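Notes follow once the structure below has been shown.
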Amino acid sequence: MTQPLVMRYGSAKRDAGILRPPAKDSYVVEATIWDTPAGMSLHRNGAALITGASSGIGAAYAERLARRGYDLTLVARNRRRLDALAARISDETGRGVEVLQADLGSKEDLARIETALKQDASLTMLVNNAGVGAAAPLLQSNVDLMEEMIKLNVVALMRLTYAAAPVFAARGHGAIINISSVAAIAPEMLNGVYGGTKAFVLTFSQSLHREFADKGVRFQAVLPGATSTAFWDTAGMPVSKLPADRVMPVGEMVDAALAGLDLGELVTIPSLPHMADWDALEAARRKLTPHLSRAHPAARYRTRPADA
Ligand SMILES: NC(=O)c1ccc[n+]([C@@H]2O[C@H](COP(=O)([O-])OP(=O)(O)OC[C@H]3O[C@@H](n4cnc5c(N)ncnc54)[C@H](OP(=O)(O)O)[C@@H]3O)[C@@H](O)[C@H]2O)c1
Numbered sequence: 001m002t003q004p005l006v007m008r009y010g011s012a013k014r015d016a017g018i019l020r021p022p023a024k025d026s027y028v029v030e031a032t033i034w035d036t037p038a039g040m041s042l043h044r045n046g047a048a049l050i051t052g053a054s055s056g057i058g059a060a061y062a063e064r065l066a067r068r069g070y071d072l073t074l075v076a077r078n079r080r081r082l083d084a085l086a087a088r089i090s091d092e093t094g095r096g097v098e099v100l101q102a103d104l105g106s107k108e109d110l111a112r113i114e115t116a117l118k119q120d121a122s123l124t125m126l127v128n129n130a131g132v133g134a135a136a137p138l139l140q141s142n143v144d145l146m147e148e149m150i151k152l153n154v155v156a157l158m159r160l161t162y163a164a165a166p167v168f169a170a171r172g173h174g175a176i177i178n179i180s181s182v183a184a185i186a187p188e189m190l191n192g193v194y195g196g197t198k199a200f201v202l203t204f205s206q207s208l209h210r211e212f213a214d215k216g217v218r219f220q221a222v223l224p225g226a227t228s229t230a231f232w233d234t235a236g237m238p239v240s241k242l243p244a245d246r247v248m249p250v251g252e253m254v255d256a257a258l259a260g261l262d263l264g265e266l267v268t269i270p271s272l273p274h275m276a277d278w279d280a281l282e283a284a285r286r287k288l289t290p291h292l293s294r295a296h297p298a299a300r301y302r303t304r305p306a307d308a
């Protein structure tokens, strides 16, 4: 029997800006809505669409955001895992959870998720998390798999952002969290295509942060270091092979990323002890800006007198 394209869990009603509690209690519009049996305070936050929510970092975001009072739309290919997670989160938090099965490497499936982002007025947050990595260098890599990686890590993330950002801007609020990687700033670490895709995610987020600064749309790029998920199996390097003191538990990583969101950060690097180090790198980059486009080459490149 074919599965329906959309499955909904939980009784919290999702319509623009109005959330109804699953139980009898009354609620107020701002701040706390009601206290759940588990003692969690839920807030009026709208709904978050999370890609790659069937495991790892995406599943951890789903749990945390539900506890923060978001209804959820969970997107990935593995329907069984999505359904199990949705049912559990809905039971535990009372939030409304919707499942959209999609292969974001497929144009048709991607178009369905873009449409959901444009049409679902309850969505106030997009977590662009789905992604795959590779550890092998170019000489041992399959170029077709590299292209698949670019389709997911870059093209899907870009198209979903293009779907969400205009509708969030039209409503004057919304947040887009893009999961990059420390490979964006340390490209020597892993496969070069992977590092390139994550550098795209970082620079895309930085550029959009500037473009949407006065439109009420927040951007955050999260740069995790090695995190304990199935990512490493898919990338061809089991996480057990990495030094334990370099691998962060997935829950800690996502809690730190959400703390960074609360702090208003554009770029969050959960492992980095001193944010001043990132700020120094950014300051050095900005110092270059006035010198990056000029009418003539720098003196060191004027090798022949005729060029001068
Ligand atoms: N783990 C790390 O060390 C680490 C470090 C830095 C950055 N990251 C980034 O974190 C993100 C999440 O990775 P993770 O560590 O949580 O790994 P993961 O556990 O393997 O999760 C990857 C998620 O992406 C989904 N996905 C993969 N291909 C997809 C496709 N074609 N269409 C739709 N969904 C797809 C998977 O679900 P289905 O298989 O069900 O589709 C899964 O939910 C990635 O962008 C990764 O680059 C991870």
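Under my numbering, residues 1 to 308 are what the sequence shown spells out, in order.
Every residue, glycine too, gets a C-beta built ideally from N, C-alpha and C.
Given the structure is predicted, the values throughout are model-derived calculations rather than measurements.
If you run the structure through DSSP and keep just helix, strand and coil, what is R304?
For the purposes of this step, residue 304 is taken as residue 304 along the sequence shown, with counting starting at 1. Of the three classes helix, strand and coil, the one that applies to R304 here is coil, per DSSP.
What number of angstroms, rounded off, separates the C-alpha of R294 from the C-alpha of G264? The sequence position of residue 294 within the sequence shown is 294, counting from 1. The sequence position of residue 264 within the sequence shown is 264, counting from 1. Rounded to the nearest angstrom, the two C-alpha atoms are 35 Å apart.
Residue range of the alpha helix (DSSP H) that includes V201
What you label residue 201 is simply residue 201 of the sequence shown in a count that begins at 1. Start and end: G192 to E211.
Buried or exposed by the 16-neighbour rule on C-beta atoms within 10 Å, applied to K24
Your numbering for residue 24 matches position 24 in the sequence shown. Because the pLDDT at K24 is just 32, under 50, the model does not fix this residue reliably, and the point stays unresolved.
Compare the Cα-Cα distances from P166 to each of L117, T229 and D255 and report the closest residue.
Sequence index remark: in the sequence shown, residue 166 carries index 166 (1-based). The option with the nearest alpha carbon to P166 is L117.
Note down, one range per segment and in chain order, each beta strand (DSSP E) of at least 3 residues found wholly within the segment 154 to 179.
174 to 179
Enclosing beta strand (DSSP E) for D71 [first to last residue]:
As a working mapping, residue 71 is identified with position 71 in the sequence shown. From DSSP, the beta strand (DSSP E) with D71 extends over D71 to A76.
Practice problem: Could you please give me the residues that DSSP links to A47 through a beta bridge? | Solution: Here residue 47 corresponds to residue number 47 of the sequence shown, with the count starting at 1. Answer is D71 and L123, bridged to A47.
*Could you tell me how far apart the beta carbons of M7 and E98 are, in whole angstroms, since I believe they sit closer than 8 Å?*
Within the sequence shown, the letter at position 7 stands for residue 7. Within the sequence shown, the letter at position 98 stands for residue 98. Contact flag correct, Cβ pair sits at about 7 Å.
Cβ shell of A256 (< 6 Å), same chain only, five flanking positions each side left out = Sequence index remark: in the sequence shown, residue 256 carries index 256 (1-based). Taken in chain order, the residues that qualify are P270.
Check your understanding: Can we count I179 as close to ligand 1, meaning its CB is less than 7 Å from some heavy atom?
Key -> As a first step, residue 179 must be located in the sequence shown, where it is residue number 179. Yes - ligand 1 has a heavy atom lying nearer than 7 Å to the Cβ of I179.
Proximity to A130 [Cα-Cα], best of L292, G105, R81 and G52: Indexing the sequence shown from 1 puts residue 130 at position 130. The shortest C-alpha separation from A130 is found at G52.
A60 and G192: beta carbons closer than 8 Å?
-> The count along the sequence shown starts at 1 and reaches residue 60 at position 60. The count along the sequence shown starts at 1 and reaches residue 192 at position 192. Going by C-beta atoms, A60 is not nearer than 8 Å to G192.
TODO: Under 7 Å Cβ to Cβ from F231, same chain only, skipping five residues before and after it: list those, please.
DONE: Along the sequence shown, one-based indexing puts residue 231 at 231. Hits under 7 Å: G56 and G133.
(Q) Is the beta carbon of L72 closer than 8 Å to that of R88? (A) The residue labelled residue 88 in the question sits at position 88 within the sequence shown. The residue labelled residue 72 in the question sits at position 72 within the sequence shown. Not closer than 8 Å, so no.
Q.
Among V201, D233 and I176, whose alpha-carbon lies nearest the alpha-carbon of M213?
A. As a position in the sequence shown, residue 213 is number 213, starting the count at 1. Here the sequence assigns Ala to residue 213, which means Met is not the residue at that position. Selected option, being the one with the closest Cα: I176.
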